[in-house]
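Numbering (this note's numbering), first residue to last: 6 to 162. Have a look at the structure below, then the notes.
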């Protein structure tokens, strides 16, 4: 009986592992393997080149408008759901939360996940992949100079 239970657990764990691999493959395939590979890495210094008072951006930053990018940062969920969210802020450090005063607008990216995807709530550093828009937007927690339609997130490595 004990051996049968152990075998059942092994089969269950192996099945869960295979399922998670399959789901990861489906996410990767649905986003398009080329889309994630072709994403331009953007750092916070580049985003900081936007003068949020005048709205002036450097030519390098302007060239990223409407492009597939990946940005590292920390998630600040804007919804009460504790497991998955559709909308969140991406900020450069875990201390840059939305308490008063919030970070400057050029240090916040408003992420709205693609309609077919949710983002698992993450407490550590992440990469967010999506289409960057140099367009400010006011929200409940301040103003962000950038918006992104998120297509995938992954732990920062």
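Think of the CB as a built atom: it goes at the ideal place given N, C-alpha and C, for glycine as much as any other residue. For clarity, every value in this text was computed on a predicted model and none was experimentally measured.
Separation of residue j from residue i, as counted between CA atoms
i	j	result
residue 113	residue 71	17 Å
residue 52	residue 86	28 Å
residue 125	residue 133	12 Å
residue 76	residue 46	6 Å
residue 147	residue 42	32 Å
residue 28	residue 59	Confidence at residue 28 is low in this model, with a pLDDT of 36, below 50, so its placement is unreliable and no value can be given for it.
residue 119	residue 142	18 Å
residue 73	residue 106	30 Å
residue 127	residue 62	30 Å
residue 109	residue 121	30 Å
residue 123	residue 152	16 Å
residue 111	residue 44	20 Å
residue 93	residue 157	13 Å
Range of the contiguous alpha helix (DSSP H) that encloses residue i
i	result
residue 50	49-52
residue 66	64-67
Residue i burial status per 10 Å Cβ neighbour count (16 or more: buried)
i	result
residue 65	exposed
residue 150	buried
residue 145	exposed
residue 97	buried
residue 99	exposed
Presumed contact (8 Å Cβ cut-off) between residue i and residue j, rounded CB distance
i	j	result
residue 2	residue 137	Here the chain has residues from 6 to 162 only, and residue 2 is not among them.
residue 116	residue 161	So it is not a contact: roughly 15 Å between Cβ atoms.
residue 88	residue 139	In fact, because the Cβ distance is near 31 Å, the residues do not count as touching under 8 Å.
residue 135	residue 155	4 Å
The beta strand (DSSP E) enclosing residue i, as first and last residue numbers
i	result
residue 143	142-144
residue 152	151-160
residue 118	114-118
residue 99	From DSSP, residue 99 is part of no beta strand (DSSP E); its letter is neither H nor E.
residue 126	Premise fails: residue 126 is in no beta strand (DSSP E) and is neither H nor E.
residue 83	Run containing residue 83: none; DSSP gives neither H nor E here.
residue 134	131-138
Cutoff 8 Å: residue i Cβ touching any chain B Cβ
i	result
residue 110	The chain inventory of the structure shown lacks chain B, comprising one protein chain alone.
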